[in-house]
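Numbering that gives the first Met the number 0 puts the first residue of the sequence shown at 0, with every later residue one more than the last. All C-beta atoms in this analysis are idealised placements derived from N, C-alpha and C, irrespective of residue type, glycine included. Shown next, in structure tokens, is the structure this report addresses.
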Amino acid sequence: MSAAGTWLELAVTVDQEAVEAVSEILSRVAPGGVSVELPFELVDEGLGARADGSRPAVVRAYVPALDASAAATAVDVARRSLGHLQAFGLRPIGELQVRSVHEEDWADAWKRHFPVLRIGRRLVIRPTWRRHRPGRDDVVLALDPGMAFGTGLHPTTRLCLAAIERWADEGLLAGARVLDVGCGSGILSLAAAKLGAAEVLGVDTDPIAAEATLANARRNRLVRKVRARRGTLPVPESPFDVVLANLIASVLGHLAGELAASLRPDGRLLASGIFKDREGEVRSAVDAVGLSVVGRTEETDWVCLEAVRSTESTVG
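See the structure below:
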């Protein structure tokens, strides 16, 4: 089919370990965007939901069907790239499923898969298109991720949010200056700001992410606390009290020195996006630049590390 307003939906069912890798592959061929449908279970008598990390996810992407030849090429590239990915030993990646859809059918369809989500004791992630009656102690983040990463459904994001809430309870965020590296939708920036940080700077190499962070800051009336821009490390505003880095193991290793340099002495780093098999290399990189790992949490196959820059360490 090749008509204006018609798209090809590319869908792959994958183990959650492979979500980021498959999303990256599909995003290369899909100008219509990529969405991730993660499984969840209803809680609070059906009023909220909790992500289920034990079941597979579905990654969907959309390719315009107006140019049949270009669409066929995109499908072929995606199929071959997914085949190559299997060679890396990631857990099951299903067959690429392709179907024609009309724009009105999918433009907002992905929103059905993002429920109100409770994380930790107080944090509640509320998609802007859903209603929620907050409890007395709830800290609600109104979020519209658009095409940027970060909804609270992925284990790496949940681990970060739980740690941020815990740090707030321990008084580590009160009045803090926070840097969010790879800010995505801004979900971690918003959480830090709502839980006591004085100012937050988000940076991301993707301009869409910086725009999404600023838009979500406006939705949550946090424009005086949260700034965002396209970019990466180093940033001239350093050093910070807290650095948040929900990235991937290879990037964390590559940026370890600059992450450490962005922290004041005794400052804290939250490093997430680490698959268990890669934890050792991240620990080695962090240790080599004068950071000491002081905490570790995990969910399914993902790990989040908490590290402190010692007062004696020098970076550079």
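Thr296 is bridged by DSSP to Cys303. Membership of Ile118 in the beta strand (DSSP E) is indicated by the continuous run Leu116 to Ile118. In the assembly as shown, Glu8 is a buried residue. Its beta-carbon has 16 or more other beta-carbons within 10 Å. Each residue's CA atom was taken as its position, placing Gly52 and Asp240 some 31 Å apart. In the three-state scheme derived from DSSP, where H, G and I count as helix and E and B as strand, Ile124 is classed as strand. Take the alpha-carbon of Ala197 and the one of His131: they are about 27 Å apart.
With contacts defined by Cβ atoms closer than 7 Å, Ala248 and Leu258 do not form a contacting pair. Collapsing the DSSP output to three states places Val285 in a helix.
DSSP places Ser271 inside the beta strand (DSSP E), whose first and last residues are Leu262 to Phe274. Distances from the CA of Leu140 to each of Asp205, Gly185 and Arg54 were compared; the closest alpha carbon is that of Gly185.
When DSSP states are grouped into helix, strand and coil, His83 belongs to the helix group. Cβ atoms of Val35 and Val11 stay farther apart than 8 Å, at about 10 Å. Pairing Ala56 with Asp300, the inter-Cα distance amounts to about 14 Å. By the Cβ criterion, the segment 177-196 is in contact with the segment 213-231, since at least three pairs of Cβ atoms, one from each stretch, lie closer than 8 Å. Annotation for Leu178: the continuous beta strand (DSSP E) segment containing it runs Arg176 to Val180. Its chain contains Leu158 and Cys303 as the residues whose beta carbon lies nearer than 6 Å to that of Thr296, once the 5 sequence neighbours on both sides are disregarded; these appear in chain order.
Leu160 sits away from Trp166, with the two beta carbons spaced by 7 Å or more. Take the alpha-carbon of Val28 and the one of Leu81: they are about 12 Å apart. In the DSSP assignment, Glu8 falls within the unbroken beta strand (DSSP E) covering Thr5 to Val13. DSSP places Asp136 outside both helix and strand once states are collapsed to three, so it counts as coil. In this structure, Ser237 is the residue among Arg282, Arg220, His253 and Ser237 with its C-alpha nearest to the C-alpha of Leu200.
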